[in-house]
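Notes follow the structure.
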Amino acid sequence: MSSPIATISRIGEHEGQSVTVRGWLYNLRESGKLLFPIFRDGTGLIQGVVAKNAVSPEVFDAVKTLTQESSVIVEGKVRADKRAPGGYELDVSSVQVLQKVPDSDPYPISLKEHGVDFLMEHRHLWVRTPRQAAILRVRAEIIRAARDFFDERGFTLTDPPILTPAACEGTTTLFPVDYFEEQAYLTQSGQLYIEATAMALGKVYSFGPTFRAEKSKTRRHLTEFWMVEPEVAYATLDDMMELAEGLLSFLVKRCLDRRRNDLQIIGRDVAKLEKIEPPFPRISYDDAVKMLQEGHQTGALETKFEWGGDLGSPDETYLSSKFEKPVMVHRYPASVKAFYMEPDPQRPDLALCVDVLAPEGYGEIIGGSQRMASYDLLVQRIHEHNLPEEAFKWYLDLRKYGSVPHAGFGMGIERAVAWICGLEHVRETIPFPRMLHRLYP
RNA sequence: UCCUCAGUAGCUCAAUGGCAGAGCAUCCGGCUGUUAACCGGAGGGUUGUAGGUUCGAGUCCUACCUGAGGAGCCA
2 MSSPIATISR
12 IGEHEGQSVT
22 VRGWLYNLRE
32 SGKLLFPIFR
42 DGTGLIQGVV
52 AKNAVSPEVF
62 DAVKTLTQES
72 SVIVEGKVRA
82 DKRAPGGYEL
92 DVSSVQVLQK
102 VPDSDPYPIS
112 LKEHGVDFLM
122 EHRHLWVRTP
132 RQAAILRVRA
142 EIIRAARDFF
152 DERGFTLTDP
162 PILTPAACEG
172 TTTLFPVDYF
182 EEQAYLTQSG
192 QLYIEATAMA
202 LGKVYSFGPT
212 FRAEKSKTRR
222 HLTEFWMVEP
232 EVAYATLDDM
242 MELAEGLLSF
252 LVKRCLDRRR
262 NDLQIIGRDV
272 AKLEKIEPPF
282 PRISYDDAVK
292 MLQEGHQTGA
302 LETKFEWGGD
312 LGSPDETYLS
322 SKFEKPVMVH
332 RYPASVKAFY
342 MEPDPQRPDL
352 ALCVDVLAPE
362 GYGEIIGGSQ
372 RMASYDLLVQ
382 RIHEHNLPEE
392 AFKWYLDLRK
402 YGSVPHAGFG
412 MGIERAVAWI
422 CGLEHVRETI
432 PFPRMLHRLY
442 P
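Structure representation (structure tokens):
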């Protein structure tokens with residue numbers, strides 16, 4: 002193979018030249034003495050053409066007997082052709098088969114439809130299909146964009162620990178870990194720790210995995226997922242809402258700019274994404290309750306929503322369906338929210354918090370709040386929630402030594418990817434999803 | 001934890017209580033422009049597991065296992 006190695010996504014740069022493509026056989030069609038192998042290299046697909054009278058019998062035979070996903074290095078001349086899916090074809094001159102998938106044990110994932118369980122059981126192979134690869138590229142773009150967003154705004158990345166001594170919020174179920182014969186847990190949020198680094202560096206963020214041992218079985222849940230969490234000293238709830246709408250708009254715009262082709266492969270209606278720009282609608286919890294009660298009267302919602310409760314999944318879906326942009330619901334009753342949230346000075350029964358609900362029924366993708374600044378009130382809340390004060394001693398220190406108003410939020414990467422890609426389920430947004438009843442592969 | 005649904009060929013699915021079937025994949029043959037190619041042929045089965053009803057169970061009943069969707073909780 003003497004010709005230069007080409008990348009399929011940029012094969013057009015080599016039009017008229019002989020190139021080497023290193024990849025796998027995606028599919029093979031034949032018509033008599035013509036073979037149409039389609040190769041993939043991780044960046045795209047290109048159709049090869051092999052005519053029996055144009056190559057040696059060895060080359061023709063080698064391609065003719067190729068099986069799906071066999072690894073091959075092929076050499077050929079790039080030619081523009083309107084009949085080809087990518088616009089270019091490869092006139093194959095030679096082929097080197099690295100490993101042929103045996104006839105006796107063919108590649109399990111065919112080009113036909115498959116069931117969810119089968120695909121999940123073969124996730125290590127499923128990621129090779131063009132649609133899954135496109136989703137993973139969009140995920141990578143969203144992660145890169147999120148980091149760019151915060152880096153460009155003067156935030157410092159500070160990584161919180163993954164092994165923690167106690168629950169951060171004391172609400173959800175944690176995965177226990179034996180830590181040298183001491184009980185430890187996998188983190189469910191880095192928030193408490195980045196509150197500490199925010200007091201050191203001003204504007205910080207974390208990006209890392211989080212773990213929830215909840216027995217949730219829905220299209221929105223994973224037991225292991227990734228979160229981006231900014232935390233800002235001297236910031237208020239309003240600052241956070243502005244930051245959140247800025248972040249989401251930035252992520253969407255970046256995907257439209259750089260991953261439009263992948264969104265097309267996935268089948269995303271990008272017209273809906275084009276509308277995502279600031280400002281986002283802001284509604285108070287009180288307003289949300291009114292809307293939900295109207296929804297019940299018109300028959301759109303089964304149960305009547307009473308003031309004081311947390312929003313359920315159908316409630317979130319209903320609210321978000323009323324807007325084309327993400328909607329920010331703020332100031333929930335303090336009783337349904339976490340212990341560390343600052344009360345609204347106008348109405349102390351409310352928490353200065355916000356949930357951002359993505360449109361098209363994707364539900365909550367961001368949750369944030371202004372954090373409690375008062376030492377005494379925080380101690381009181383820790384007791385009210387029956388949390389061990391000893392474990393929060395260091396956290397209380399932050400209120401003892403130069404306490405300031407501060408705020409932050411967390412965005413679930415997988416939910417954001419699911420929304421931007423328009424997916425039915427978050428399990429397709431991460432290479433190897435961890436769910437209830439799913440630890441393999 | 002609760003509710004609903006589903007387990008039949010490697011995959012996707014059929015089969016009124018009466019002989020276990022099709023498409024795809026694999027193999028063989030045909031076709032010089034195929035687009036999840038097409039046409040002809042071949043091989044491929046402990047119907048999730050264990051019991052029960054029946055002359056006879058993939059089908060009906062009971063329990064269990066596995067998975068999916070939803071609720072609660074959350075990002």
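176 is the number that my numbering gives to position 175 of the first sequence; each next residue is one higher, with no gaps. Glycine is no exception: its CB is placed at the ideal position from the N, C-alpha and C atoms. Quantities reported herein were computed from a predicted structural model and do not represent experimental measurements.
Check                                                                                                                                                                 : Outcome
Any idea if Gln298 is buried or exposed, counting beta-carbon neighbours within 10 angstroms, 16 or more meaning buried?                                              : exposed
Would the beta-carbon of Lys53 be found less than 7 angstroms away from any heavy atom of the ligand HEM?                                                             : No copy of the ligand HEM occurs in the structure displayed, which carries no ligand at all.
Rounded to the nearest angstrom, what separates Ile74 and Arg261 at their Cα positions?                                                                               : 29 angstroms
Restricting to runs no shorter than 3 residues, where is the beta strand (DSSP E) found entirely within the stretch 243-323?                                          : 283-285
May I ask you to report which of helix, strand or coil DSSP gives Ile421?                                                                                             : helix
Give me whichever residues DSSP pairs with Ala185 in a beta bridge.                                                                                                   : Val178
Smallest Cα separation from Ser336: which of Val330, Pro344 and Ala63?                                                                                                : Pro344
Assuming Met200 and Gly403 form a contact by the criterion Cβ under 8 angstroms, report the distance between their Cβ atoms to the nearest whole angstrom.            : 7 angstroms
According to DSSP, is Lys65 helix, strand or coil?                                                                                                                    : helix
When DSSP labels each residue in this structure, what does His407 get in the three-state scheme?                                                                      : strand
Mind checking which residues open and close the alpha helix (DSSP H) that includes Glu153?                                                                            : Pro131 to Glu153
Does the Cβ of Lys332 have 16 or more other Cβ atoms within 10 Å, making it buried, or fewer, making it exposed?                                                      : In the sequence on display, residue 332 carries Arg and not Lys. Label assigned to Arg332: buried.
Quick one: any contact between the stretch 417-436 and the stretch 377-395, if contact means 3 or more CB pairs under 8 angstroms?                                    : no
Between Ala7 and the rest of its own chain, which residues show a CB-CB distance below 7 angstroms, the 5 nearest in sequence each way excluded?                      : His15, Val20, Thr21 and Val22
Could you tell me the alpha carbon to alpha carbon distance between Ala63 and Val357, rounded to whole angstroms?                                                     : 55 angstroms
Pairs of beta-carbons, one from the stretch 221-229 and one from the stretch 202-209, closer than 8 angstroms: are there three or more?                               : yes
Using only CA atoms, which one of Phe324, Leu437 and Ala408 lies nearest to His222?                                                                                   : Leu437
Across which residues does DSSP place Leu91 in a beta bridge pair?                                                                                                    : Gly49 and Val79
Along the chain, where does the beta strand (DSSP E) containing Thr198 start, and where does it finish?                                                               : Thr198 -> not in any beta strand (DSSP E); alpha helix (DSSP H) instead, spanning Gln192 to Leu202.
Leaving out five residues on either side along the sequence, give the residues of the same chain with a beta carbon under 8 angstroms from the beta carbon of Ile143. : Leu252, Arg255, Cys256, Ile414, Ala417, Val418 and Ile421
According to DSSP, simplified to helix, strand and coil, what is Ile163?                                                                                              : coil
Alpha carbon to alpha carbon, how far is Ser217 from Ser321?                                                                                                          : 22 angstroms
Quick one: is Arg443 buried, meaning 16 or more other Cβ sit within 10 Å of its Cβ, or exposed?                                                                       : The chain is shown from 2 up to 442; residue 443 falls before or after that span and cannot be answered.
Going by beta carbon distance, what residues of the same chain come within less than 6 angstroms of Ala135, once the five residues before and after it are set aside? : Asp263, Ile266 and Ile267
Quick check on DSSP: helix, strand or coil for Thr21?                                                                                                                 : strand
Nearest to Phe181 by CA position, among Thr174, Leu164 and Met373, is which residue?                                                                                  : Leu164
Would Arg11 be called buried (16 or more neighbouring beta carbons within 10 Å of its own) or exposed?                                                                : exposed
According to the Cβ coordinates, are Leu202 and Thr159 closer than 8 angstroms?                                                                                       : yes
The beta strand (DSSP E) with Gln371 in it runs from where to where?                                                                                                  : Gly364 to Arg372
Output the distance between the C-alpha atoms of Val102 and Glu246, rounded to the nearest integer angstrom.                                                          : 49 angstroms
Measure the C-alpha to C-alpha separation of Pro179 and Asn28 and round it to an integer number of angstroms.                                                         : A small fix is needed here, since residue 179 is Asp in this sequence, not Pro. For Asp179 and Asn28, the distance between alpha carbons rounds to 48 angstroms.
I'd like to confirm the pairing. Which residues does DSSP put opposite Ile414 in its beta bridges?                                                                    : Its beta-bridge partners do not exist; DSSP assigns none.
Can you tell me the Cβ-Cβ gap for Tyr319 and Leu302, rounded? I've got them flagged as a contact below 8 angstroms.                                                   : 6 angstroms
Straight-line CA distance for Ser375 to His426?                                                                                                                       : 41 angstroms
Whose C-beta lies closer than 7 angstroms to the C-beta of Ser250 among residues of the same chain, with five residues either side of it excluded?                    : Ile277, Glu278 and Pro279
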